Every structure is written in C-alpha cells, then in structure tokens.
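The next block holds one structure in the form of structure tokens; read it before the comments.
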Amino acid sequence: MKDPYKVLGVEREADPELIKARYKELHDLYGEQRFRSGAEGNEGARKLQELEEAWALISSDLSRDTVTNNGPANFGIVDELIRQSKYDEAQDMLDSIKERNGEWHYMQAIIFYKREWLTDAKTQLEMALREEPDNAKYRSSLEKLTLTMSGPQQRQAQQNDAPQPTYNDYGGQPQDMSNCLSSCCLAYCLTDCLCNLIRCC
Numbered sequence: 012m013k014d015p016y017k018v019l020g021v022e023r024e025a026d027p028e029l030i031k032a033r034y035k036e037l038h039d040l041y042g043e044q045r046f047r048s049g050a051e052g053n054e055g056a057r058k059l060q061e062l063e064e065a066w067a068l069i070s071s072d073l074s075r076d077t078v079t080n081n082g083p084a085n086f087g088i089v090d091e092l093i094r095q096s097k098y099d100e101a102q103d104m105l106d107s108i109k110e111r112n113g114e115w116h117y118m119q120a121i122i123f124y125k126r127e128w129l130t131d132a133k134t135q136l137e138m139a140l141r142e143e144p145d146n147a148k149y150r151s152s153l154e155k156l157t158l159t160m161s162g163p164q165q166r167q168a169q170q171n172d173a174p175q176p177t178y179n180d181y182g183g184q185p186q187d188m189s190n191c192l193s194s195c196c197l198a199y200c201l202t203d204c205l206c207n208l209i210r211c212c
C-alpha cells in the first residue's frame, strides 16, 4: 500500500488539524465522485477506499504519537474520545499532555463531569478560569455547573424555610375543632332529650 500520508498529500510532520482537514476534503470529493457514471465513478470509489485505509493508519499514528511521545497537545482527539464515552482513553491521552493550560483543565473538568465527579469538575473549571480569566466558555461552564450542584440544596433550603401546614390550611384553628366537637355533643344531647320527651308523651 502507498504511504498513507502521500495518499492524503500531506507531510508526516504536518499539524494534526491540517491532516484532518485534508482527509475531510478528499472524503467529500471522492464520496461525490463515486456516484458518477462509468469509469469516473469507479475511480472515485477506488480512491475513497484507499483514502479510508490510509486514514485508519494515520489516525492510529496520531493517537499513539500524542500518548507515547507527548506530541503536540491535541485536545480534538481527547474531545472525540469523550464523545465516544471512552473516558479512560481520554484520560490517558490528557495525562500525556505536559502543558497544563486552561484548555487542559477544561477537558479534565469534562471527563470528571461525565464520571459524575462534580466537585472535582468544578475545581478544574476554576483552575481553567484562573489560567484564562476572560474565557467566556470556561466561565459559562462553571456557572452552569455551580447552579447544577446548588440546585437541590436550594430546593431543600426552600422546603425547610417553608411554613409548615397548620389547621388553618384545612379550614380552621385547633380551637375551632374543639368548639365544633362541643357543638356536636350539645346537639346530640338535645336530640336525645327530645326523643325521650316524645316517647313519654
């Protein structure tokens, strides 16, 4: 098989993002060409298959270089692993990146959040914001996470502060209930006396 990088027309040392962009460009080109009639369509299908085989090798190289050789910080790969729910692999790749900048802490926060370690995620977002105080993405994420974490507590506090139900909520005060009871007893006694009088007559 041809050198996979030559299939894409890029240098092996090229920036990973540039390699990805070139792959996408060729994938769209050959993907459209393969639906054409005759030899042109067949050529498009052949090139598309060759491209996919080359990309499989290149993707493996990119992942391995980042993890084992501490290559350039490629948070795009970390992000893709997180999207695939491959949190252990994403963590390994993130740990291999030496530079702990704002983006590093942000990615770490996402991994922690996905594992439902909210306190650790909040700490990482705070660290990311200290690295880049003007980063709106980090600030917004921290605010949303803080709200998520405090929501149940606030609801519990509101429930604790809420006035407890009283007899008044159900139509009367406690003394009203005793008055009602007394009235019922009196009515019963009067009725009983009246019935006795009627029988005597």
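Residue numbers for the sequence shown follow the working numbering, beginning at 12 and rising by one. Ideal Cβ positions, reconstructed from N, Cα and C, are used throughout, including at glycine. Bear in mind the structure is a predicted one, so any value in this text is a computation, not a measurement.
Just to confirm the assignment, what range does the alpha helix (DSSP H) spanning residue i have?
| i | result |
| --- | --- |
| residue 128 | Residue 128 -> no alpha helix (DSSP H), and no H or E assigned at all. |
| residue 39 | 27-44 |
| residue 102 | 98-106 |
Rounded to whole angstroms, what is the Cα-Cα separation between residue i and residue j?
| i | j | result |
| --- | --- | --- |
| residue 137 | residue 15 | 42 Å |
| residue 97 | residue 105 | 12 Å |
| residue 58 | residue 41 | 7 Å |
| residue 48 | residue 143 | 54 Å |
| residue 129 | residue 157 | 9 Å |
| residue 123 | residue 116 | 10 Å |
| residue 161 | residue 34 | 44 Å |
Determine the closest residue to residue i out of the options, with distance taken between C-alpha atoms.
| i | options | result |
| --- | --- | --- |
| residue 70 | 29, 43, 126 and 54 | 29 |
| residue 140 | 100, 24 and 118 | 118 |
| residue 44 | 56, 34, 155 and 33 | 56 |
Give the secondary structure of residue i by DSSP, where H, G and I count as helix, E and B as strand, and everything else as coil.
| i | result |
| --- | --- |
| residue 48 | coil |
| residue 53 | helix |
| residue 87 | helix |
| residue 20 | coil |
| residue 15 | helix |
Rounded C-beta distance between residue i and residue j? I'm assuming under 8 Å.
| i | j | result |
| --- | --- | --- |
| residue 73 | residue 88 | 7 Å |
| residue 62 | residue 37 | 5 Å |
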